[in-house]
Amino acid sequence: ELKQAGFNAIRWFNPTPDALAICEQENMLVFVQFWVDQNGDFTDPRFHTETIARLRDVVRRTRSCSTLAGYLVMNEPFLHTASSAAEVDATMSLLGELREMVRKEAPGIYVSFVSWPSLACMDYSAWDFVCFNVYTWSPVMTTDLGMGYRPFIEQLKSALSCGKPLIVMEYGLSVGPYDVNGHGYGGNSEEQQAVQSVAMLRDILAAGAAGAA
Numbered sequence: 064e065l066k067q068a069g070f071n072a073i074r075w076f077n078p079t080p081d082a083l084a085i086c087e088q089e090n091m092l093v094f095v096q097f098w099v100d101q102n103g104d105f106t107d108p109r110f111h112t113e114t115i116a117r118l119r120d121v122v123r124r125t126r127s128c129s130t131l132a133g134y135l136v137m138n139e140p141f142l143h144t145a146s147s148a149a150e151v152d153a154t155m156s157l158l159g160e161l162r163e164m165v166r167k168e169a170p171g172i173y174v175s176f177v178s179w180p181s182l183a184c185m186d187y188s189a190w191d192f193v194c195f196n197v198y199t200w201s202p203v204m205t206t207d208l209g210m211g212y213r214p215f216i217e218q219l220k221s222a223l224s225c226g227k228p229l230i231v232m233e234y235g236l237s238v239g240p241y242d243v244n245g246h247g248y249g250g251n252s253e254e255q256q257a258v259q260s261v262a263m264l265r266d267i268l269a270a271g272a273a274g275a276a
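Positions 64 to 276 (this note's numbering) are the ones given, in order, by the sequence shown.
Written as structure tokens, this is what we have:
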């Protein structure tokens, strides 16, 4: 059904061998998403060791997939709430270790992590491609009260992608019962979700992104 709808890639947390076999059969590209607890103690050597071991196991189980598009070693690190430079450095150190382990275990496979607008000031030059989750309702800079959705993605493309592919890994409109932040995070109908999600995808591609999930 995904193929019939026109999709050619999927982002998957911990895919099973059977799932990967279906993706290969359908020629569906796969981004393997690895989960790291954003609230973990990144200064703890044991946390580093255990996290690296978990990802190594994932890589060894998935690296033979012929339609593997890349590995995403974390989703939305909480660096915007860090209280010190040391805390930021500890988190980025682990992400760097995960990146280099993937490159060793799966040479030639692209690797990145999924960032978000709160971290739009960071350096992404060490990664094979640049990934962001970007919604129209948060933060304010992506809303009409800020620079707006497409201009924000254009800024990511021009200032942060370092000439590498930019992929928006999450976008869309929430149909939760209430608008919890006053900028459209919930309170939308399914019809609004359908129309606005397509409009967001058009903005993403027009801004020069390689694709979206």
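Virtual Cβ for every residue (Gly too), placed ideally from N, Cα, C.
The structure displayed is predicted, hence computed values, not measured ones.
Please name the residue, chosen from Ser260, Ala145 and Arg126, that lies closest to Arg181 on a Cα-to-Cα basis. Along the sequence shown, one-based indexing puts residue 181 at 118. Reading off the sequence shown, one finds Ser at residue 181, where the question assumed Arg. Comparing Cα-Cα distances from Ser181 to each of Ser260, Ala145 and Arg126, the minimum goes to Ala145.
Go ahead and pull the three-state DSSP assignment for Val99. On the sequence shown, residue 99 is found 36 positions in, with the first residue counted as 1. Val99: coil per DSSP, three-state reduction.
Could you tell me the distance, in whole angstroms, from the CA atom of Tyr234 to the CA atom of Ala149? Residue mapping note: residue 234 aligns to position 171 of the sequence shown, counting from 1. Residue mapping note: residue 149 aligns to position 86 of the sequence shown, counting from 1. Cα to Cα, Tyr234 sits roughly 31 Å from Ala149.
Residues that DSSP places opposite Ser178 in a beta bridge: Translated into positions along the sequence shown, residue 178 becomes position 115. For Ser178, which the question treats as bridged, DSSP gives the partners Phe195.
Are three or more beta carbon pairs between the segment 154-171 and the segment 118-125 nearer than 8 Å? yes
Bridge partners - Arg109, DSSP secondary structure assignment: The count along the sequence shown starts at 1 and reaches residue 109 at position 46. In the DSSP output, where bridge partners are listed per residue, Arg109 has none listed.
On a Cα-Cα basis, can you pick out the residue from Arg109, Trp179, Ile85 and Ala276 that is closest to Cys128? By 1-based counting over the sequence shown, the position of residue 128 is 65. Selected option, being the one with the closest Cα: Ile85.
Suppose the cutoff is 8 Å on Cβ atoms and the five residues either side in sequence are ignored; what does the same chain contact list for Glu87 look like? Position 24 of the sequence shown, counted from the first residue, corresponds to residue 87. Taking C-beta separations shorter than 8 Å and ignoring five residues to either side along the sequence, the partners of Glu87 in its chain run Cys128, Ser129 and Thr130, following chain order.
So, with DSSP's three-state summary, where would you put Val56? Within the shown structure, residues of the chain are numbered from 64 to 276, placing residue 56 beyond reach of any answer.
Please go through the same chain and pick out, in chain order, the residues whose beta-carbon is closer than 7 Å to the beta-carbon of Asn71, but skip the five residues on each side of it. As a working note, residue 71 is residue 8 in the sequence shown. Taken in chain order, the residues that qualify are Met91 and Leu92.
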